[in-house]
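Participant:
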Amino acid sequence: MASTTTTTTTMSGEKMKWFKVGFWRKQVIICQQIEKQFQPEGFWGDQYPVDSYTSMILLTLSLILCVTTFTLFLLKPLRMPFTAQMIGGILIMGLIFSNTNVKKLLIFPYVFQYILKTLSFLGFMFHSLMLGVETNMSLILKRMNRKSAIIGLSGFIVSTTLSVTSLLLFVSYNDFKIISQGYIKLIALNAQTFFMVTCNHLNDLGINNSELGRLACTISLFVDISGMIITFICFELIPTIRVVEGTKWYTPLAVIGFYGVLFGGVRPMVLRILGGYIEGQPFKAIHLATMVVIAVVIAGVGELLGQMFAVFIFALSLPEDPLSSVLSKWFDAMTFGVFFPIYCAMQGLQTDITALEPTKAFRIEIGLLCGSIGKFFGTCMSSMFIGLPLSNALALSLIMTCKGLFDIVALGLWSNTKEIDIQEYTVATFHFLVGSGALLPLVRFLYKPSSEYSNILGTSVMDVSQNGTLKTMACIHKEENIPGIIRLIEAFDPSQNRPVPLIVLQLIQLIGRVSMPILGPLDQVKASGILGPKLIRCERIVESISHLERIAKGFVRVQHFISVASYDTMHNDVCNLAYEMDISLLIVPFHVQPNEQNKDAMVEGTSTLAIRSVNKMILENAPCAVGLLIDRTKLHLSISMTQVYRVAIIYIGGLDDREALAYINLFGTNPSINVTIICLKPTVRSQYDCDFDHELIDEIAMKIKSNERMSIDEVNVKDGAETTDYLVSMKDKADLIVAGRYHDPKCGPLFGLSDGWIEYPELGILGDLLASSDFKFSVLIVHSCVDVDQL
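Quick note: to get this note's numbering, add 24 to the position in the sequence shown (first position is 1).
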């Protein structure tokens, strides 16, 4: 190894070797012997505050994290944290420290670069491990079909064709022979779509559980698998067979043998470790350490064989549960907050704008730009051919065209092995990042998952309460939600004349940044075996709901569905299923439940805040009537076991209150229920009072005249204070209160209640009052499927 040695003199006058620089496998190698701490030369000079490597490295890390954090803050309105981190680390760091002399001597000396590269490699390794574990390959493979293959191939072929055409137009034959290797790799990478990159984009956009998101995942997976096979054949297998100079005959065999050992030997060992895990128990530290050691060894061997994605490919074969939650708990914050920005920054430091030659840079950019245009139009035309609307086809094309982390990793690998030069690396890196940062925000304007059902005027309880089938869907986050829902369905008095088909949708949080969401009938999900231990809790819920079918004598027909999604997108599954199943009433449990020790108290934890956000989105987007249920009764109480179940319906006026009045037709036929309609009237009417429908009240009064279990009470109130006093007086006289959600804040019966702080605005003013822990009865807040703003 050719090398040069630099020496310095210690304070005692002795000669000491500072560092030795040489080359090995086309890489600059620095060997250094440290006998005492010293100050590196450069920008800091003698003024550097602390005489140690540690403080210098920490300051360098602080600089990287500050730049990426500041970029993340600036790009926060775009709501793309993953892409913003990449732009901050790669693009910004590359622009600031593009000059080689500046970045290597002043701020980032050689020694620090190699230390940071090692840290960044560890970050990429952990990130790949987490991404692979979070990916449910069996689920995605089952979704692949002919449509995804057509769209994926058309985008890849058109992109490659346009790139090669532009290359032939701008490059002479002699130049083409010289640079064809690097250009071909860039053209292939530009046409490629990595599955994990698409998943990250969909997660940032919040559409990973939409129909378009699922289609994008299957397309990218098809292109990814095809691209990996083609790359291995073209750049590994064929050169070896043809004995091309520089290739080694044993490399393909070593790669095949390497993956054979991983899947045939290492994977069974990991599965045996995971087989002893019991749900609810902490993951053993020795098992976690074993997983880390395995990942490090795979990453090291994979780098020697040129397999940068070996950890990711191996992790794809591992079960998602419990590894996904364990790795997310231990590594997610550190990987995304520290290691990932360092990796992006080191990739950005490899760029060099000052080395660009205008003519060559123009040729490279034209080739990449033509490839991106071909990718966009090839995907768009084929998507419209299979029946996608224009807006959806445009959004899908933008997603397929955008690049991400794995594209940058491939560029870095080729740059390190000199397969592409610094100009090709710099132009391609900036092209990928700028293009993705500019195109991805457009997807939000072109595609909104709620557009499929938000403009549909669905049915409500008013439409089917008298004559018709009340199609109901109940959402369940946890087992504590079940008793209140069962009691409410019992109160509806299902009968032969009015059966109640019930869809039970179990909602499970999806852990991980790229985990694939699941939505489907529980039987199909169980048959696929993709949930693992989570099915134990699902079975308990099924057993509890089966009790309702028995006591309803077959007039309640239950179908079980399951949704595994992140809290940010969970409402899409709820609303989509409600639309597809033509639901009339959607029952949503309130995000806080009575405390087990004190039934009057309400407890609110961190996870319930996310559930609250889901409820808000459901209320805004639901295609049917929504009932938000606050259950305060005893867990073992059943209407069939009580002599009298007291229900009070509060009526002030307005659309939501008319929806609430429709429940009298559901409760009225149940012999175990007494129903009271409470009409709150202002003593002095004003322009802000809701439209009190006297004719509707008179009509209901005529219907219930002969029914001793039903009555109407008219209460005159001056303001919200008197309304509060009246409701407090009823706290021991009712088991369930039904009330509308929306009322004008300035209406007489509620005047003054909105002057103070409202804790739960999603319940409305009256609902927020009834949610107070001072009351012991359950509450059902009713929201009509017609938006108040549309009236």
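Glycine included, every Cβ here is placed at the ideal spot set by N, Cα and C.
Pick helix, strand or coil for residue 364, following the three-state DSSP scheme.
Facilitator: The sequence position of residue 364 within the sequence shown is 340, counting from 1. Helix at residue 364.
Participant: For residue 526, report the span of its beta strand (DSSP E) as first-last.
Facilitator: For the purposes of this step, residue 526 is taken as the residue at position 502 of the sequence shown. Segment 524 to 533, the beta strand (DSSP E) holding residue 526.
Participant: If contacts are defined as beta-carbon pairs under 8 Å, then residue 584 and residue 545 qualify, I think. What distance do you get, rounded to the angstrom?
Facilitator: Position 560 of the sequence shown, counted from the start, is the residue given in the question as residue 584. Position 521 of the sequence shown, counted from the start, is the residue given in the question as residue 545. About 7 Å separates the two Cβ atoms, so the contact holds.
Participant: Is the number of C-beta pairs between the segment 434 to 454 and the segment 384 to 404 that are closer than 8 Å three or more?
Facilitator: Verdict: yes, contact present.
Participant: In the structure shown, what three-state DSSP assignment does residue 498 receive?
Facilitator: In the sequence shown, residue 498 corresponds to position 474, counting from 1. Residue 498 falls in the strand class under three-state DSSP.
Participant: Please return the same chain residues whose Cβ sits closer than 8 Å to the Cβ of residue 241, not counting the five positions on each side in sequence.
Facilitator: Taking the sequence shown and counting its residues from 1, the one referred to as residue 241 is at position 217. 164, 167, 219, 222, 223, 226, 232 and 540, listed in sequence order.
Participant: Whose C-alpha, out of 699, 651, 433 and 523, is nearest the C-alpha of residue 147?
Facilitator: If you number the sequence shown from 1, residue 147 lands on position 123. Looking at the Cα atoms, 433 is the closest of the given residues.
Participant: Would you mind listing the alpha helix (DSSP H) stretches within the segment 310 to 385 that are 4+ residues and don't spill past its ends, in chain order?
Facilitator: 334 to 340, 347 to 358 and 364 to 373
Participant: DSSP three-state label for residue 800, please.
Facilitator: Reading the sequence shown from its first residue, position 776 is the one you call residue 800. Coil, per DSSP.
Participant: Return the residue from the list 312, 313 and 320 that minimises the CA-CA distance to residue 142.
Facilitator: On the sequence shown, residue 142 is found 118 positions in, with the first residue counted as 1. That would be 320, whose Cα lies nearest to the Cα of residue 142.
Participant: Looking at the structure shown, is residue 237 part of a helix, part of a strand, or coil, going by DSSP?
Facilitator: Counted from its first residue, the sequence shown places residue 237 at position 213. DSSP places residue 237 in helix when its eight states are reduced to three.
Participant: Who are residue 653's beta bridge partners in DSSP?
Facilitator: As a working mapping, residue 653 is identified with position 629 in the sequence shown. Per DSSP, 613 and 804.
Participant: Any idea what DSSP makes of residue 585, helix, strand or coil?
Facilitator: Counting from one through the sequence shown, the residue named residue 585 turns up at place 561. Here residue 585 sits in strand by DSSP.
Participant: Just to confirm my understanding: we take residue 591, look at its own chain, exclude 5 residues before and 5 after, and list those with CB closer than 8 Å. What are they?
Facilitator: On the sequence shown, position 567 is the one that residue 591 refers to. Answer for residue 591: 533, 634, 635, 637 and 638, listed in chain order.
Participant: Taking just the CA atoms, how far does residue 791 sit from residue 778?
Facilitator: Locating residue 778 in the sequence shown gives position 754, where the first residue counts as 1. Locating residue 791 in the sequence shown gives position 767, where the first residue counts as 1. Spanning the two alpha carbons is a distance of roughly 12 Å.
Participant: Among 296, 763 and 726, which one has its Cα closest to the Cα of residue 735?
Facilitator: Residue numbering aside, residue 735 sits at position 711 when the sequence shown is read from its first letter. Closest option to residue 735, Cα to Cα, is 726.
Participant: Can you name the start and end residues of the alpha helix (DSSP H) that residue 416 belongs to?
Facilitator: Translated into positions along the sequence shown, residue 416 becomes position 392. For residue 416, the enclosing alpha helix (DSSP H) stretches over residues 414 to 425.
Participant: Where does residue 542 sit, in a helix, a strand or coil, going by DSSP?
Facilitator: By 1-based counting over the sequence shown, the position of residue 542 is 518. Here residue 542 sits in strand by DSSP.
Participant: For residue 394, which three-state DSSP category applies?
Facilitator: For the purposes of this step, residue 394 is identified with residue 370 of the sequence shown, where counting begins at 1. Helix.
Participant: Starting from residue 460, trace the alpha helix (DSSP H) in both directions and tell me its first and last residue.
Facilitator: Working through the sequence shown from its first residue, we reach residue 460 at position 436. The continuous alpha helix (DSSP H) containing residue 460 extends over residues 446 to 470.
Participant: Mind checking residue 338: buried by the 16 CB within 10 Å criterion, or exposed?
Facilitator: Working through the sequence shown from its first residue, we reach residue 338 at position 314. Flag for residue 338 reads buried.
Participant: If we ignore side chains and look at the alpha-carbon of each, how far apart do residue 834 and residue 421 end up?
Facilitator: Residue coverage of the chain in this structure runs from 25 to 815, which leaves residue 834 outside it and unanswerable.
Participant: What are the partner residues of residue 703, as DSSP defines its beta bridges?
Facilitator: As a first step, residue 703 is located in the sequence shown; it is residue number 679 there, counting from the start. BP columns for residue 703 point to 675 and 738.
Participant: How would you call residue 209, buried or exposed, if buried means at least 16 neighbouring beta carbons within 10 angstroms?
Facilitator: Stepping through the sequence shown from its first residue, residue 209 is reached at position 185. Looking at its Cβ environment, which holds 16 or more other Cβ atoms inside 10 Å, residue 209 is buried.
Participant: Using CA atoms only, rank isn't needed, just tell me which of 615, 154 and 121 is closest to residue 357.
Facilitator: Stepping through the sequence shown from its first residue, residue 357 is reached at position 333. Out of 615, 154 and 121, 154 has the C-alpha closest to the C-alpha of residue 357.
Participant: Let's test the definition: count the other Cβ atoms within 10 Å of the Cβ of residue 746 and tell me whether it reaches 16, buried, or not, exposed.
Facilitator: The residue you call residue 746 lines up with position 722 of the sequence shown. Flag for residue 746 reads buried.
Participant: Can you say whether residue 15 is buried or exposed, counting buried as having 16 or more other CB atoms within 10 angstroms of its CB?
Facilitator: Outside the displayed span of the chain (25 to 815) sits residue 15, for which this structure offers no information.
Participant: In terms of residue numbering, what span does the alpha helix (DSSP H) encompassing residue 515 cover?
Facilitator: Looking up residue 515 in the sequence shown gives position 491. Segment 506 to 515, the alpha helix (DSSP H) holding residue 515.
Participant: Would you identify the three-state DSSP class for residue 576, choosing helix, strand or coil?
Facilitator: Position 552 of the sequence shown, counted from the start, is the residue given in the question as residue 576. Three-state result, residue 576: coil.
Participant: Need the endpoints of the alpha helix (DSSP H) that residue 794 sits in, please.
Facilitator: Residue numbering aside, residue 794 sits at position 770 when the sequence shown is read from its first letter. It spans 788 to 794 - the alpha helix (DSSP H) in which residue 794 sits, taken as one unbroken run.
Participant: Taking residue 113 as part of the beta strand (DSSP E), name the residues at either end of that continuous run.
Facilitator: Position 89 of the sequence shown, counting from 1, holds the residue named residue 113. Premise fails: residue 113 is in no beta strand (DSSP E) and is neither H nor E.
Participant: Can you find at least 3 beta carbon pairs, one from the segment 597 to 605 and one from the segment 494 to 502, that sit closer than 8 Å?
Facilitator: yes
Participant: Going by DSSP in three states, residue 99 sits in which element: helix, strand or coil?
Facilitator: Residue numbering aside, residue 99 sits at position 75 when the sequence shown is read from its first letter. If DSSP states are grouped into helix, strand and coil, residue 99 belongs with coil.
Participant: Based on DSSP bridge pairs, tell me the residues matched to residue 763.
Facilitator: Position 739 of the sequence shown, counting from 1, holds the residue named residue 763. DSSP lists 805 as partners of residue 763.
Participant: Just to confirm the assignment, what range does the alpha helix (DSSP H) spanning residue 291 have?
Facilitator: As a first step, residue 291 is located in the sequence shown; it is residue number 267 there, counting from the start. Note, residue 291: alpha helix (DSSP H), 291 to 299.
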